[in-house]
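Chemist:
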Amino acid sequence: MTTLDKNAIASVRPFPPEFLWGAATACYQIEGAVTADGRGPSIWDTFSHTPGAVWNGDTGDIACNHYHRMDEDLDLLQRLGVGAYRFSVAWPRVQPSGQGPANMRGLDFYRRLIDGLRRRDIEPTLTLYHWDLPQPLEDAGGWCVRDTAERFADYVDIVARALGTDVEHWITLNEPWCSSWLGYGAGEHAPGVKDIGKAAAANHHLLYAHGLAVPILRSAVPGAKVGITLNLGDHQPGSMHELDQAAAKRADGNLNRLFLEPVFHGRYPEDMLEHYRDVSPGFSVMRDGDLEVISQPIDFLGVNYYFPSTVIDASRESEARLAGYYVSPDVQFPDLNLRSIETPGRGKTSMDWEIKASGLTSLLVRIRDDYTDLPIYITENGAAFDDYVDPDNRVLDHNRVAYLQEHISAMHDALDAGVNVQGYFVWSLLDNFEWAFGYSRRFGIVWVDFPTGNRLPKESFHWYCETIRSNSVVYARSVGAE
Ligand code: IFM
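At position 89 of the sequence shown (counting the first as 1) the number is 97 in the working numbering, and the numbers step up by one without a gap.
1) Quick check on the DSSP output: the beta strand (DSSP E) that includes Tyr385 runs from which residue to which?
2) Between which two residues does the beta strand (DSSP E) carrying Phe308 extend?
3) Nearest CA to the CA of Asp69: which residue from Ile166, Lys206, Asp53?
4) Are Ala31 and Val373 touching if we call contact CB-CB under 8 Å?
5) Let's see if you can read the secondary structure: which residues bound the alpha helix (DSSP H) around Asn211?
6) Measuring only the C-alpha atoms, how far is Leu82 from Arg94?
7) Restricting to Cα atoms, I'd like to know which of Ser370, Ser417, Glu327, Asp321 is closest to Ser480.
8) Report the rounded CA-to-CA distance for Tyr379 versus Gln304, giving the unit in angstroms.
9) What three-state label does DSSP hand Thr11 in the structure shown?
10) Does any heavy atom of ligand 3 sit closer than 7 Å to the C-beta of Trp435?
11) Using the Cα positions of Trp492 and Leu136, report the straight-line distance between them to the nearest angstrom.
12) Counting pairs of beta carbons, one from the stretch 101-121 and one from the stretch 33-51, are three or more of them closer than 8 Å?
13) Determine the direct distance from the alpha carbon of Leu171 to that of Asp165, and round the result to whole angstroms.
14) My output table needs one value for Asn262: the three-state DSSP class, helix, strand or coil.
15) Report the CB separation of Ser96 from Asn182 in whole angstroms; it is logged as a contact under 8 Å.
16) Please report the distance separating the alpha-carbon of Tyr118 from that of Ala322.
17) When the Cα of Trp471 is compared with those of Val409, Val427, Ala209, Tyr447, which residue comes out closest?
18) Indicate whether the contact test is met: 3 or more Cβ pairs, each with one atom in the stretch 269-276 and one in the stretch 300-319, closer than 8 Å.
19) Between the stretch 145-156 and the stretch 195-212, do three or more beta carbon pairs fall short of 8 Å?
20) Does the distance from the C-beta atom of Ile384 to that of Phe308 stay below 8 Å?
21) Can the beta-carbon of Leu266 be found less than 8 Å from the beta-carbon of Met280?
22) Helix or strand or just coil, what does DSSP make of Pro184?
In structure tokens:
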């Protein structure tokens, strides 16, 4: 592996020969066909049909219509040259009511998907849960109750037995932080509940569900590689002030440590247990033995990284404003008594997320130092920008190319530092249903014209194709790069 010459204007940085390049999607965001072949309703069907919940009243009813255009999308993946495709299975297609016998027509869709990938020499990377809980399970308490984790275990068993022979890489959960804290705490995601005590209980039951799934996968799929995908962040304090340092520690505790510590060290962080001591039911739902279930060995960690965050204690808001900072309430952490501040000069995506590629490097190094040397896959990384189709029928998304280039280069920095990164999946193959933002935010490297469903590869698609083909990234220092 070459070491970056920081004095060069641009240098080509090769990846190890076996490095895995991929693209990622998730079922509710692309499939559509929400009543096809016996699929039942999920919490996202309910939430997206709730007035005011999603931008413009958008829903996933049709989305990219991937359910009916699967072959075309698989051809796009083949053209892109990826070695792997990360997709998720919709629990309500497999068990329409969240329990009971398998719906064979639902499973058959994923069987065809996997066969299509195999025919194209693309490895399936299967996520079992990307947020679409069957609605009847939510009606029975959702992730706030233990029974949902037991139901998840049954569902995993069905999927593993049905599809196991052709899938090696299994991801139990995608971003359980979002399912718990955005879904039950901030109420920004389905099921739209705003109750910190429930969010903490959901946090625990989701991790418990992950733990239950691991041995089931191992017994149903000999040789399975099992992991979990976490959305992790790099939180910096806005100043050296002790209150801001403490605020950054709280944000880190909630987003990162509440998940990494139980999975890798078999314990919850003391400061977070203390912080949530008085909420109900909170972490009191934990039973003896749960942490052993949660912390049993896995084979890899999936990391989703998008943006950095700089936080201050809420009490220091006016001071920060006086100093000229743009301060925003941190709606994603309603209980943590902190504010986000923007770092002047840093670029932003159309999600309003700041761009700081070096945050990915420091995060990866920290995971290695504090938690695990297991293989890491970047299971999501990408950016939404205000793309448009130009008069020559092209989408020249140079800002996305720059974002990807900087982040892939930052991942290379981590490799150079000895972190065991083995693969990278761009988010996302297609423009899709971006949850509470509906179709207003485009993350795809392929443009989707939602009224017709037509696909158009963007400039970033061609750039990523070349990156994969050359198995290298050209590092070009951006102006003001950190
Ligand atoms: O679109 C989402 C995805 O479903 C989960 N991770 C973050 C992406 C961008 O917000």
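All residues carry an ideal CB built from backbone N, CA and C; glycine is no exception.
Modeler: This is what the structure holds:
1) Along the sequence shown, one-based indexing puts residue 385 at 377. Start and end: 384-388.
2) Here the question's residue 308 lines up with position 300 in the sequence shown. Counting along the chain, the unbroken beta strand (DSSP E) around Phe308 starts and ends at 308-312.
3) Translated into positions along the sequence shown, residue 69 becomes position 61. Of Ile166, Lys206, Asp53, the residue nearest in Cα terms is Asp53.
4) If you number the sequence shown from 1, residue 31 lands on position 23. If you number the sequence shown from 1, residue 373 lands on position 365. No, the pair does not count as a contact, with Cβ atoms beyond the cut-off.
5) Numbered from its first residue, the sequence shown carries residue 211 at position 203. Counting along the chain, the unbroken alpha helix (DSSP H) around Asn211 starts and ends at 204-228.
6) Residue 82 sits at position 74 when you count from the first residue of the sequence shown. Residue 94 sits at position 86 when you count from the first residue of the sequence shown. When rounded, the distance between both Cα atoms is 12 Å.
7) On the sequence shown, position 472 is the one that residue 480 refers to. The candidate whose alpha carbon is nearest that of Ser480 is Ser417.
8) What you label residue 379 is simply residue 371 of the sequence shown in a count that begins at 1. What you label residue 304 is simply residue 296 of the sequence shown in a count that begins at 1. Rounded to the nearest whole angstrom, the CA to CA distance from Tyr379 to Gln304 is 14 Å.
9) The residue given as residue 11 occupies position 3 in the sequence shown. For Thr11, the predicted model reports a pLDDT of 46, less than 50, meaning its position is unreliable; a value from the coordinates is still stated below. For Thr11, the secondary structure class from DSSP, reduced to helix, strand or coil, is coil.
10) No copy of ligand 3 appears in this structure; the ligands present are ligand 1.
11) The shown model of the chain, from 9 to 490, leaves out residue 492, and the question about it has no answer.
12) They touch, by the three-pair rule.
13) The count along the sequence shown starts at 1 and reaches residue 165 at position 157. The count along the sequence shown starts at 1 and reaches residue 171 at position 163. For Asp165 and Leu171, the distance between alpha carbons rounds to 10 Å.
14) Locating residue 262 in the sequence shown gives position 254, counting from the first residue. In this structure, DSSP gives Asn262 a helical state, which the three-state scheme calls helix.
15) Working through the sequence shown from its first residue, we reach residue 96 at position 88. Working through the sequence shown from its first residue, we reach residue 182 at position 174. Right, the Cβ-Cβ distance comes to about 7 Å (below 8 Å), so this counts as a contact.
16) Counted from its first residue, the sequence shown places residue 118 at position 110. Counted from its first residue, the sequence shown places residue 322 at position 314. Roughly 47 Å separates the two Cα atoms.
17) The count along the sequence shown starts at 1 and reaches residue 471 at position 463. Among Val409, Val427, Ala209, Tyr447, the Cα nearest to that of Trp471 belongs to Val409.
18) Segments in contact, yes.
19) These segments touch.
20) The residue labelled residue 384 in the question sits at position 376 within the sequence shown. The residue labelled residue 308 in the question sits at position 300 within the sequence shown. For Ile384 and Phe308, yes; Cβs fall inside 8 Å.
21) To locate residue 266, count along the sequence shown from 1; it is residue 258. To locate residue 280, count along the sequence shown from 1; it is residue 272. A contact, by the Cβ cut-off of 8 Å.
22) By one-based count along the sequence shown, residue 184 stands at place 176. Helix at Pro184.
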